[in-house]
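K.L.:
Structure in structure tokens, see below.
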Amino acid sequence: MPFSTSLIPLASGLCPRDVTGIQPRRVRAVNDSVQGESSAPKDLGALDSCDIPRVKLEEGNEGVEKEVRSSTVEFAAPLFAKLRHSLRVATLATLAGAPVALAGGFDLPAKRTDLSEADLKRVADVTRPTTDFSKAEPYEAMQAGAATSIDPVTEDSFSHISANIPFEEEQNFKLGNALFRKLWVSAPSSTQASDGLGPLFNARSCMSCHVNDGRGKPPEGGPSAVSMFLRLSRAAKTPEEEKAIAGADILNFPDPVYGHQLQDLAVPGLAAEGRMTIRYDEETATLGDGETVSLRRPHYAVTDLAYGPLDPATTISARVAPAMIGLGLIEAISEADILAHADPDDADGDGISGKAAIVRDHRSGKIALGRFGWKAQNATVRDQNADAFANDIGISTPDHPDAHGDCTKAEEKCQAMPTGVQKRLGEEEAPGPILDLVTFYSENLAVPARRKASFPETLRGKRIFYETGCISCHVPKFVTRRDASDKAQSFQLIWPYSDFLLHDMGDGLADGQQVGLASGREWRTPPLWGIGLTRTVSGHSFFLHDGRARDLTEAILWHGGEAEKARNAFSVLSRDDRAALITFLESL
Numbered sequence: 001m002p003f004s005t006s007l008i009p010l011a012s013g014l015c016p017r018d019v020t021g022i023q024p025r026r027v028r029a030v031n032d033s034v035q036g037e038s039s040a041p042k043d044l045g046a047l048d049s050c051d052i053p054r055v056k057l058e059e060g061n062e063g064v065e066k067e068v069r070s071s072t073v074e075f076a077a078p079l080f081a082k083l084r085h086s087l088r089v090a091t092l093a094t095l096a097g098a099p100v101a102l103a104g105g106f107d108l109p110a111k112r113t114d115l116s117e118a119d120l121k122r123v124a125d126v127t128r129p130t131t132d133f134s135k136a137e138p139y140e141a142m143q144a145g146a147a148t149s150i151d152p153v154t155e156d157s158f159s160h161i162s163a164n165i166p167f168e169e170e171q172n173f174k175l176g177n178a179l180f181r182k183l184w185v186s187a188p189s190s191t192q193a194s195d196g197l198g199p200l201f202n203a204r205s206c207m208s209c210h211v212n213d214g215r216g217k218p219p220e221g222g223p224s225a226v227s228m229f230l231r232l233s234r235a236a237k238t239p240e241e242e243k244a245i246a247g248a249d250i251l252n253f254p255d256p257v258y259g260h261q262l263q264d265l266a267v268p269g270l271a272a273e274g275r276m277t278i279r280y281d282e283e284t285a286t287l288g289d290g291e292t293v294s295l296r297r298p299h300y301a302v303t304d305l306a307y308g309p310l311d312p313a314t315t316i317s318a319r320v321a322p323a324m325i326g327l328g329l330i331e332a333i334s335e336a337d338i339l340a341h342a343d344p345d346d347a348d349g350d351g352i353s354g355k356a357a358i359v360r361d362h363r364s365g366k367i368a369l370g371r372f373g374w375k376a377q378n379a380t381v382r383d384q385n386a387d388a389f390a391n392d393i394g395i396s397t398p399d400h401p402d403a404h405g406d407c408t409k410a411e412e413k414c415q416a417m418p419t420g421v422q423k424r425l426g427e428e429e430a431p432g433p434i435l436d437l438v439t440f441y442s443e444n445l446a447v448p449a450r451r452k453a454s455f456p457e458t459l460r461g462k463r464i465f466y467e468t469g470c471i472s473c474h475v476p477k478f479v480t481r482r483d484a485s486d487k488a489q490s491f492q493l494i495w496p497y498s499d500f501l502l503h504d505m506g507d508g509l510a511d512g513q514q515v516g517l518a519s520g521r522e523w524r525t526p527p528l529w530g531i532g533l534t535r536t537v538s539g540h541s542f543f544l545h546d547g548r549a550r551d552l553t554e555a556i557l558w559h560g561g562e563a564e565k566a567r568n569a570f571s572v573l574s575r576d577d578r579a580a581l582i583t584f585l586e587s588l
């Protein structure tokens, strides 16, 4: 059995039984790194070292004893200072939780069943939002727990394997990486294990959209958007269709000709569906101290349509590819802990009414909590990957077996094109083992360690981030399930800064497109870890679901709806305080 590690603080004076196997002195050298340059030992990340000469590793180690170094921390559990967010702490609700949470009429667990009462209390203590901003919290620099990458900061910072993956599983990660980068070709081809592209598609590989496993961006000229695409759908028209959406049997309804997504590329001999065009209007936002910020409001359209007009009821929504890091850890968060933050009727009166996205698992068809995608339309990393294979590349998998991808019946020539299915290899163009390996790779891309977590300016920005109410949606930390299917994700203290719920973000960000239970004004809170490395990894600083924001300040100023109070609080800050908050975000 693989050696599992965890980074969960215990009481003062004790070394953790779940040990990290990572030397704190090595960690402190990267906590302050900027572009790979270390400024240690200024930032200890609240870590102290303690020696454990021989520790018997628990859970699945078959009695093996190893020499390890671990860390201990002095854990303080300050009382809540009656902060507004105190009512929304998931672990407190977990401790007192009822047996069932009703989300949109569906039964989902409200109390964790993977932990003992002692561990429930321990998790409640460690995930309680801090009120002490004089120093970094225990293990804060290791924002993905023992899975955190402590490699130097480079453009490959999002492409490292989780640090606690056992050696024998590295081969699967590397094979998955190769398949993630694989360029698919049109059928028929001499490279029979690589054909089946499209026939209509947006990209030839996963890496084409997720360059360096990072965030996509809007197109900057040229015929193809590559890492950005347009979702197409219409709302329900009949009671039967409304019932199907309410029952999570379908997310929405495609355009009758162009399907779920506009494909701007096609295999030889076939016309692409059309081309996305963007026009920006510049708007001025004035901050409390008189400083002005230019915001760009996008307007999307489709031109050069090859198969006739779009249906008048079809809506279009632009989406950029999200960063790939930490996905397995997000999947390992207990449903109960996420649901405990949900408050769809705003019962606590704080103006935040997060709503759970209820979807169906692609394979089992069972009700599950959506947590992946801009509108949380997928429950698992595998579901997200299968969707991307089908809609972005046009490759069939066991979860989406149609080899013609998003071609509709109205696109007869597309339906008549050859596919890449090789019966000797399986019934799909990407048989089960391929989807399994790409999923394993996606689940185990490491989150980089924090930079400058204990610097005064970072801590000042963190305090402002908390005080302005940002953590009402960007919940700082969770502890993953102890019984996670992958031991590398088991019982980790992680800092994603998201509640993974749907929130009304106001008219400014509304796309008018319903996706399952998410309305045209609602979006999933995206995790913030790694956001400070966007320019380093992806070569740009475009943010939000469509990349309209050119920096983090613009991204904040686009927040409306439930986030309006937090945005307004940011707007009236002094220039120095705004800079400190941005410094904190850039440290993530």
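In this text, residue positions in the sequence shown follow UniProt numbering: the first is 1, and each later residue adds one.
The C-beta atom is built at its ideal place from N, Cα and C for all residues, glycine as well.
1. Nearest CA to the CA of R297: which residue from D576, E564, W558 and A563?
2. Quick check on K82: buried or exposed, where buried means 16 or more other Cβ atoms within 10 Å of its Cβ?
3. Taking the alpha carbon of G351 as the point to measure from, which residue in G560, D383, K462 and I325 has its own alpha carbon closest?
4. Under a three-way DSSP split, which group does S149 fall into?
5. Mapping DSSP to helix, strand and coil, what is V320?
6. Who are E283's beta bridge partners in DSSP?
7. Which of the three DSSP states, helix, strand or coil, is assigned to K375?
8. For R275, list the residues DSSP reports as bridge partners.
9. List the whole-angstrom C-beta distance separating D264 from N202, where the pair is believed to meet the contact cut-off of C-beta under 8 Å.
10. Near I165, which residues of its chain fall below 7 Å by C-beta distance, leaving aside the five closest residues on each side in sequence?
11. Below 8 Å between beta carbons: does that hold for H503 and A563?
12. With distance defined between alpha-carbon atoms, name the residue in W523, V381 and S541 nearest to G530.
13. Near D195, which residues of its chain fall below 8 Å by C-beta distance, leaving aside the five closest residues on each side in sequence?
14. Buried or exposed: H260, going by 16 or more other Cβ atoms within 10 Å of its Cβ?
15. Can you have a look at A301 and say buried or exposed, based on whether 16 or more other CB atoms are within 10 angstroms of its CB?
16. With a 10 Å radius around its C-beta and 16 neighbouring C-beta atoms as the bar for buried, classify R231 as buried or exposed.
17. Contact criterion: CB-CB distance below 8 Å. Does L425 meet it with respect to chain D?
18. Drop a sphere of 10 angstroms on the beta-carbon of D243, count the other beta-carbons inside from all chains shown, and report buried for 16 or more, exposed for fewer.
19. Look at the alpha carbon of G294 and the alpha carbon of A376, and state the distance between them as a whole number of angstroms.
20. Could you give the DSSP three-state label for Q384: helix, strand or coil?
21. Check each candidate in L115, D132, V126 and Q143 and name the one with the smallest Cα separation from W495.
22. Using the three-state DSSP reduction, which class does M228 fall into: helix, strand or coil?
23. What residue range is occupied by the uninterrupted alpha helix (DSSP H) comprising T124?
24. If F500 sits next to R371, beta carbons under 8 Å apart, how far is it from one beta carbon to the other, in whole angstroms?
25. Would you report the Cα separation of D387 and D132, rounded to the nearest angstrom?
26. Going by C-alpha distance, which of T292, F465 and P256 is nearest T130?
27. So, is E335 buried or exposed, given that buried needs 16 or more other C-beta atoms within 10 angstroms?
28. Which residue wins for smallest C-alpha separation from L369, given the options P527, G516 and A225?
29. Shortest alpha-carbon distance to G290 belongs to which of K135, S571 and R128?
30. Looking at T303 and T284, is the spacing between their C-beta atoms short of 8 Å?
31. On a CA-only basis, which of S538, R578 and D507 is nearest W523? Give me that one, please.
32. In angstroms with no decimal places, state the Cα-to-Cα distance between A236 and K413.
33. Give, in chain order, every unbroken run of the beta strand (DSSP E) that is at least 3 residues long and sits entirely within the region 333–364.
34. Ignore the nearest five residues each way along the sequence and tell me which others in A306's own chain have a CB closer than 8 Å to its CB.
35. Please go through the same chain and pick out, in chain order, the residues whose beta-carbon is closer than 6 Å to the beta-carbon of L581, but skip the five residues on each side of it.
36. Judging by CA-CA distance, which residue of D511, G198 and P456 is the nearest neighbour of S134?
P.N.:
Inspection of the coordinates gives the following:
1. Counted from its first residue, the sequence shown places residue 297 at position 297. Nearest option by C-alpha distance: W558.
2. As a working mapping, residue 82 is identified with position 82 in the sequence shown. Residue placement at K82 is poorly supported in this model, since its pLDDT is 34, which falls under 50; the coordinates are not used for a value here.
3. Taking the first residue of the sequence shown as 1, we reach residue 351 at position 351. Of G560, D383, K462 and I325, the residue nearest in Cα terms is G560.
4. Residue mapping note: residue 149 aligns to position 149 of the sequence shown, counting from 1. Looking at S149 - three-state DSSP - the assignment turns out to be strand.
5. Reading the sequence shown from its first residue, position 320 is the one you call residue 320. Three-state result, V320: strand.
6. As a position in the sequence shown, residue 283 is number 283, starting the count at 1. Answer is L295.
7. Translated into the one-based positions of the sequence shown, residue 375 becomes position 375. Coil.
8. Here residue 275 corresponds to residue number 275 of the sequence shown, with the count starting at 1. DSSP, once it has assigned bridges, lists T303 as partnering R275.
9. Counting from 1 along the sequence shown, the entry for residue 264 is found at position 264. Counting from 1 along the sequence shown, the entry for residue 202 is found at position 202. Right, the Cβ-Cβ distance comes to about 6 Å (below 8 Å), so this counts as a contact.
10. Position 165 of the sequence shown, counted from the first residue, corresponds to residue 165. Only F173, N444 and A488 meet the Cβ criterion.
11. Counted from its first residue, the sequence shown places residue 503 at position 503. Counted from its first residue, the sequence shown places residue 563 at position 563. Contact: yes.
12. Here the question's residue 530 lines up with position 530 in the sequence shown. The residue with the shortest Cα to Cα distance from G530 is S541.
13. The count along the sequence shown starts at 1 and reaches residue 195 at position 195. Excluding sequence neighbours, D195 sits near W184, V185, S186, A187, P188, S189, G420 and E429.
14. One-based indexing of the sequence shown puts residue 260 at position 260. Under the 10 Å beta carbon count, H260 is surrounded by 16 or more other beta carbons and is classified as buried.
15. The residue given as residue 301 occupies position 301 in the sequence shown. With fewer than 16 other Cβ atoms within 10 Å, it is exposed.
16. Looking up residue 231 in the sequence shown gives position 231. Label assigned to R231: buried.
17. No chain D is part of this structure, which consists of one protein chain only.
18. Mapped onto the sequence shown, residue 243 falls at position 243. Strictly speaking, residue 243 in this sequence is Lys, with Asp absent from that position. By the 10 Å Cβ count, K243 comes out exposed.
19. Here the question's residue 294 lines up with position 294 in the sequence shown. Here the question's residue 376 lines up with position 376 in the sequence shown. Residue identity check: residue 294 is Ser in the sequence provided, not Gly. When only Cα atoms are considered, S294 and A376 end up about 30 Å apart.
20. Here residue 384 refers to the residue found at position 384 of the sequence shown. Correct three-state label for Q384: helix.
21. Stepping through the sequence shown from its first residue, residue 495 is reached at position 495. Out of L115, D132, V126 and Q143, Q143 has the C-alpha closest to the C-alpha of W495.
22. Taking the sequence shown and counting its residues from 1, one reaches residue 228 at position 228. If DSSP states are grouped into helix, strand and coil, M228 belongs with the strands.
23. The residue given as residue 124 occupies position 124 in the sequence shown. Position check: residue 124 holds Ala in this sequence, whereas Thr was assumed. Looking at the DSSP string, the run of the alpha helix (DSSP H) that includes A124 is E117 to T127.
24. Taking the sequence shown and counting its residues from 1, one reaches residue 500 at position 500. Taking the sequence shown and counting its residues from 1, one reaches residue 371 at position 371. Confirmed, Cβ separation roughly 5 Å.
25. As a first step, residue 387 is located in the sequence shown; it is residue number 387 there, counting from the start. As a first step, residue 132 is located in the sequence shown; it is residue number 132 there, counting from the start. Rounded to the nearest whole angstrom, the C-alpha separation of D387 and D132 is 43 Å.
26. Start at 1 with the first residue of the sequence shown, and residue 130 comes out as number 130. For T130, the closest alpha carbon among the candidates T292, F465 and P256 is that of F465.
27. Here residue 335 corresponds to residue number 335 of the sequence shown, with the count starting at 1. E335 is buried by the Cβ-count criterion.
28. If you number the sequence shown from 1, residue 369 lands on position 369. Nearest option by C-alpha distance: G516.
29. On the sequence shown, position 290 is the one that residue 290 refers to. Of the listed residues, the one whose Cα sits closest to G290 is S571.
30. Locating residue 284 in the sequence shown gives position 284, where the first residue counts as 1. Locating residue 303 in the sequence shown gives position 303, where the first residue counts as 1. Not a contact, by the Cβ cut-off of 8 Å.
31. Locating residue 523 in the sequence shown gives position 523, where the first residue counts as 1. Comparing Cα-Cα distances from W523 to each of S538, R578 and D507, the minimum goes to D507.
32. Taking the first residue of the sequence shown as 1, we reach residue 236 at position 236. Taking the first residue of the sequence shown as 1, we reach residue 413 at position 413. If you draw a straight line from the Cα of A236 to the Cα of K413, it is about 28 Å long.
33. 357–360
34. Here residue 306 refers to the residue found at position 306 when the sequence shown is read from its first residue. Once the five neighbours on either side are set aside, the close Cβ partners of A306 are A271, A272, E273 and G274.
35. Translated into the one-based positions of the sequence shown, residue 581 becomes position 581. Same-chain partners within the cutoff: G461, I464 and F465.
36. Within the sequence shown, the letter at position 134 stands for residue 134. Of the candidates D511, G198 and P456, the one whose C-alpha sits nearest the C-alpha of S134 is P456.
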